[in-house]
Amino acid sequence: MARESPGVDPEAGPGPSRGCGIALFAAFSCVGALLLLIAIEAVAALALRLPVGSGPAFFEEARRRYHVHHERSIVQFLPECAEFDPELGYRLAPGTCRFATRAFDTTLEINSLGTRDAESALRAPAIIVAGDSYAMGWGVEQDETVADQLGAITGTKTLNLGVSSYGTAREMLLLRRADLSAADTLVIQYCENDFAENRSFGRGGGRLKTMGPARYAATVADHRETTRYAPAKLVRHFVPLLWQALRGFPDPDPVRPCVQDARAFVGVLRLAPPPRPMRVIVFEGLYGPDHRTCFIEALDELDRFGDLPAWISELRTIDVASFLTGDHYLPLDGHLNAAGHRRIAEEIARTLRD
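When the letters of the sequence shown are read in order and numbered with our numbering, they come out as residues 71 to 424.
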């Protein structure tokens, strides 16, 4: 009788040595992938520490977008710098706080009204500067803002009412809280992102719906999570932006006709008038030296047709795009630097002299 030769059972699993080999391969693969991710994260972190403007254009654009959307602190959502306000959604918190990002490191001194100026400036100012982060002085020190430099140039008591992300509607509501007994000039800094708030205020007949305390607290918490560093954050956010930048970001959405901005802006001034006539000077906060809009032209057109509220004794506009250059903006951030604030203050002073 023939003996059966021993064979391999086709249904039998791998032997112990083969199973250990597969396990070791999987383990080494996981460790290798982890080490690669750590290396990419480290290289990206080092790249972000390079001087701004030292890299190729695609890298600088990816770095700017990462900074703005994933790491930049927003002052109105910092508990040490801002607080909830039932009418305005939030205001700057009275006291002193540090406001710093990768692009700057500044100190904010906030008065009892919740604006970035001295307490003494609240008493009967002659010139009031209203606006959002550009007027507030995002990224510059207290004495470098448009309001402070304008006061120094003219020798006139000036109050800074700028608060980050306020639209014209909240700016005019905040103006009602100020001492206007000696005010004869109102400087308004406009920004194209004011439009949604201004339109809502107009459609509400002078009433503005803002976030409640629960939503504000949730936004503060979400901002804290978005801006804090977590493992592999750069791999998840910055590296994909680099890839998109290499391929080219899509063109931005077309800008709405400027006449809509101008009409909504004037509508707010009509619905929320100050208690006394004032001359008004308007300039626009632009996102950088290459940013252009036609808001000032559209506003001038409404002025020519006499479509302004009666309390405005005189309207003057300043086209900052005609004289600001890249030297007037903070690299990486896009807000004005001290030189930009100074240049605008000089132009406002010249307009007042005229």
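Ideal Cβ placement from N, Cα and C applies to all residues, glycine included.
Predicted model, so just to flag it, every value in this text is computed and none were measured.
Item to check | Under 8 Å between C-beta atoms of residue 200 and residue 257 | outcome: yes
Checklist entry - Which residues in the same chain as residue 289 place their Cβ atom closer than 8 Å to its Cβ, once the five residues preceding and following it in sequence are excluded? => result 147, 281
Item to check | Separation of residue 274 from residue 352, as counted between CA atoms | outcome: 24 Å
Checklist entry - Nearest to residue 231 by CA position, among 224, 250, 222, is which residue? => result 250
Checklist entry - CA-CA distance, residue 364 and residue 356? => result 11 Å
Checklist entry - Considering only C-alpha positions, which residue in the set 192, 277, 278, 240 is nearest to residue 260? => result 240
Checklist entry - Where residue 320 and residue 375 are concerned, what is the direct C-alpha to C-alpha distance, given to the nearest angstrom? => result 38 Å
Checklist entry - Which whole-angstrom value is the C-beta distance of residue 341 and residue 382, which I expect to be below 8 Å? => result 13 Å between Cβ atoms; not a contact.
Checklist entry - Roughly how far, in whole angstroms, is the beta-carbon of residue 127 from the beta-carbon of residue 312, given that I think they are within contact range, below 8 Å? => result Wrong, their Cβ atoms sit about 12 Å apart, outside the cutoff.
Item to check | beta strand (DSSP E) segment containing residue 179, residue limits | outcome: 174-180
Item to check | Buried versus exposed call for residue 220 [16 or more other C-beta atoms within 10 Å across all chains shown] | outcome: buried
Next on the checklist: Using the three-state DSSP reduction, which class does residue 165 fall into: helix, strand or coil?
Outcome noted: strand
Item to check | Same chain, Cβ closer than 8 Å to residue 189, neighbours up to 5 away in sequence not counted | outcome: 181, 182
Checklist entry - Who are the Cβ neighbours of residue 211 in its own chain at under 8 Å, not counting the five residues just before and after it? => result 176, 177, 408
Next on the checklist: Rounding to the nearest angstrom, what Cα-Cα distance links residue 151 and residue 161 in this structure?
Outcome noted: 9 Å
Next on the checklist: Taking the straight line between their C-alpha atoms, what separation do you get for residue 90 and residue 309?
Outcome noted: 35 Å
Checklist entry - In chain order, what residues of the same chain lie with their CB nearer than 7 Å to the CB of residue 149, ignoring the 5 residues before and after it? => result 290
Item to check | Cβ-Cβ distance between residue 337 and residue 272 below 8 Å | outcome: yes
Checklist entry - At which residue ranges does the stretch 257-336 contain complete alpha helix (DSSP H) runs of 4 or more residues, listed in the order of the chain? => result 265-273, 283-297, 309-317
Item to check | Cβ separation of residue 354 and residue 393, assumed to be a contact under 8 Å, to the nearest whole Å | outcome: In fact, because the Cβ distance is near 13 Å, the residues do not count as touching under 8 Å.
Checklist entry - Going by C-alpha distance, which of 414, 169, 191 is nearest residue 208? => result 169
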